[in-house]
Amino acid sequence: MIHIKPQRAEGKYGVYCNDVCLMSFTNNKYIQSLRYINNQIDTPPVFYLNIKLLFESRNLPFDKLIFKQMMEDCIQSQINPIVESVNIPIPTTDKTLEELLDYFPSYRKRDIEILMSFITQTKDNDCPAWLMLISPPSSGKSFALELFNHILLSIMVDDFTANALAPGRPNKDAAEVDSLFQKAAGLNFIISDLSSIACMSKDKVNSFMGSITAAYGLRYRKMSPGGMIDIETGFNLIMGVTPKTYKQHKSLMDTLGPRMLFMWYTPDPKGTTGFTKKIEREDLQKHMSAFCLAKLQESFDLEIDDDINKYIKEQVELIVMIRNIRWCSEWREMEGTTRLEKQIKTLAIAHAKLMNRKKILLDDIDLFLPLAYETIPYTNNILEVDRGLSLTCNNKYSKIVLQNAIKFNMVYEHEVIMKKQHGFDKQEVEQILYMWNPEYANILFYLRNHIQNVVDPEEYEQSQMESIQHDPDYCPIIEEENEE
């Protein structure tokens, strides 16, 4: 006999047969399935199909009403605030993606499109793509995040104590304490402004980053005086930061490794503000949340061609190599590529679903690669090599970058010049100037322009070489530029 009963963690349930747990799931997954159970959508979510297969594998009857009744009986047996959440009305919208984006000015549409891809990526992913949204104060960053603040879609907080992420049990008899990690399971965990946390003491900031890092993926385990807590996480983290906070704490944020991607939210040009069409903030929030919730319920499979997979792999390898070049002097020190590959692929799938396509294109991949470029540190030292650098350079960090790049065959001998030696002997000697290999052209373009000069995103997209976009095997030639 199969039955459903609550598990130890708040908001978590299990499908049991003879007291053996066959499958665990969160209350949020059931709430999301209600759209199908109540005939609001035609396509069953993946979670619902898995439950159905579980029953059918044991030759037991199963349909929408049976599952709903079992779940309601389980919930009614508890004195738990979860009962209230089941009755929350699910928002609906008749707006298309194009109609929603039309409310935003042209320079904002790309940012909103990317943000919606993060919001609608799958929530049961062991390598979710986390986002740090960078923007100056009063530039609309918090407003953009508020558009997705719906209880069925996200949990949004402005400030909290470090212990609120995953508190332990003070003793075995004490009740479980609310945990943000538990509440955010299966949702988007949105921190509107990281500045309040970044301003805490160094130990507290380190503790916060450590907890966030440990919770990446699907589980979080913590030992406390009252015993072990085991939390199902599975959330997508999105944090807003100001440029000052981003620069001050980037070295600390680097401890998150490839878990976090960074995106600069385009500020309003001088003399420009507001929407292109008039709409109330609450109405726009309702339409945006409803659209994203509907996309999360779509469970059709997307095709990923071999050439797309090859392109993702090649681009990720280039990013990881240049991101680690300052630290790594041998292959066994190099960061792996699997996590970043999965992140880019997950975002590309979410974007293709937003566009109502059943096939991933190279454009879907290129949309998110700049966010990975933003994770590359020591850009000044990397760009010094881009201008031509010899092993006798005076900057020790640039020299380390060049030395490691030579070991990994990431540079080529650009030219040989004659230069006078230092000291008493002033005779001229030959020096080799190295430059990055041509396959790093797109990354270097971004580092030169977006990080240093912050050019318009459309200019970057137009600069993409057509041969690279449509033929991953093609290696372009870098033309020499006259440096001022």
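Counting in our numbering, the sequence shown runs from 603 upward without gaps.
In this text, a Cβ means the ideal position worked out from N, Cα and C, and glycines have one as well.
Q: Have a look at residue 663 and residue 890 and give me their C-alpha separation to the nearest angstrom.
A: 37 Å
**Q.** At least 3 beta-carbon pairs within less than 8 Å: the stretch 732 to 747 vs the stretch 858 to 869
**A.** yes
Q) Which of helix, strand or coil does DSSP assign to residue 608? A) strand
**Q.** Three-way DSSP call (helix, strand, coil) for residue 811 in this model
**A.** helix
**Q.** Identity of the residue in 934, 1050 and 665 nearest residue 986 by Cα
**A.** 1050
(Q) So, at 6 Å on beta carbons, what are the nonlocal neighbours of residue 946 in its own chain, with the 5 sequence-adjacent residues on each side left out? (A) 914 and 970
Q: Assuming residue 741 contacts residue 870 (C-beta within less than 8 Å), just tell me the rounded distance between them.
A: 7 Å
Q) According to DSSP, is residue 953 helix, strand or coil? A) helix
Q) How long is the line joining the alpha carbons of residue 898 and residue 724, rounded to whole angstroms? A) 7 Å
Q.
In this structure, how does DSSP classify residue 660 when only helix, strand and coil are distinguished?
A. coil
Q. Would you call the stretch 751 to 759 and the stretch 786 to 796 in contact, with 3 or more CB pairs under 8 Å?
A. yes
Q: List the residues that DSSP assigns as beta-bridge partners of residue 1033.
A: 1019
Q) Could you give the uninterrupted runs of the alpha helix (DSSP H) lying entirely in the stretch 958 to 1024, keeping only those of 4 residues or more? A) 964 to 975, 981 to 988 and 998 to 1009
**Q.** Whether residue 1004 touches residue 991 by CB criterion (8 Å)
**A.** yes
Q: Rounded to whole angstroms, what's the CA-CA distance from residue 729 to residue 787? Just pull it up for me.
A: 14 Å
(Q) If I measure Cβ to Cβ from residue 1019 and keep anything under 7 Å in the same chain, skipping five residues before and after, which residues do I get? (A) 1033 and 1035
Q) How do the stretch 639 to 658 and the stretch 620 to 631 stand: do at least 3 beta-carbon pairs fall below 8 Å, yes or no? A) yes
Q. So which of 942, 923 and 954 has the shortest CA-CA distance to residue 934?
A. 923
Q | Continuous alpha helix (DSSP H) stretch holding residue 895: start and end | A | 883 to 899
(Q) Considering just the uninterrupted stretch of the alpha helix (DSSP H) at residue 923, what are its terminal residues? (A) 908 to 926
Q: Could you give the DSSP three-state label for residue 801: helix, strand or coil?
A: coil
Q: Use the C-beta contact count for residue 801: other C-beta atoms within 10 angstroms, 16 or more gives buried, fewer gives exposed.
A: exposed
**Q.** Start-to-end residues for the beta strand (DSSP E) that takes in residue 841
**A.** 838 to 843
Q) Taking C-alpha atoms, which residue in 955, 693 and 815 lies nearest to residue 753? A) 693
Q) Are there 16 or more other CB atoms within 10 angstroms of the CB of residue 1014, so buried, or fewer, so exposed? A) exposed
Q) Is residue 629 helix, strand or coil when you go by DSSP? A) helix
Q.
Mapping the DSSP letters down to three states, classify residue 903 as helix, strand or coil.
A. coil
Q | C-alpha distance - residue 953 paired with residue 928, whole-angstrom precision | A | 33 Å
Q: Look up residue 710 in the DSSP assignment and give the residues it is bridged to.
A: Residue 710 pairs with nothing; no bridge assigned.
Q: Within its chain, find whatever has a CB closer than 6 Å to the CB of residue 848; leave out the 5 residues flanking it on each side and keep chain order.
A: 736
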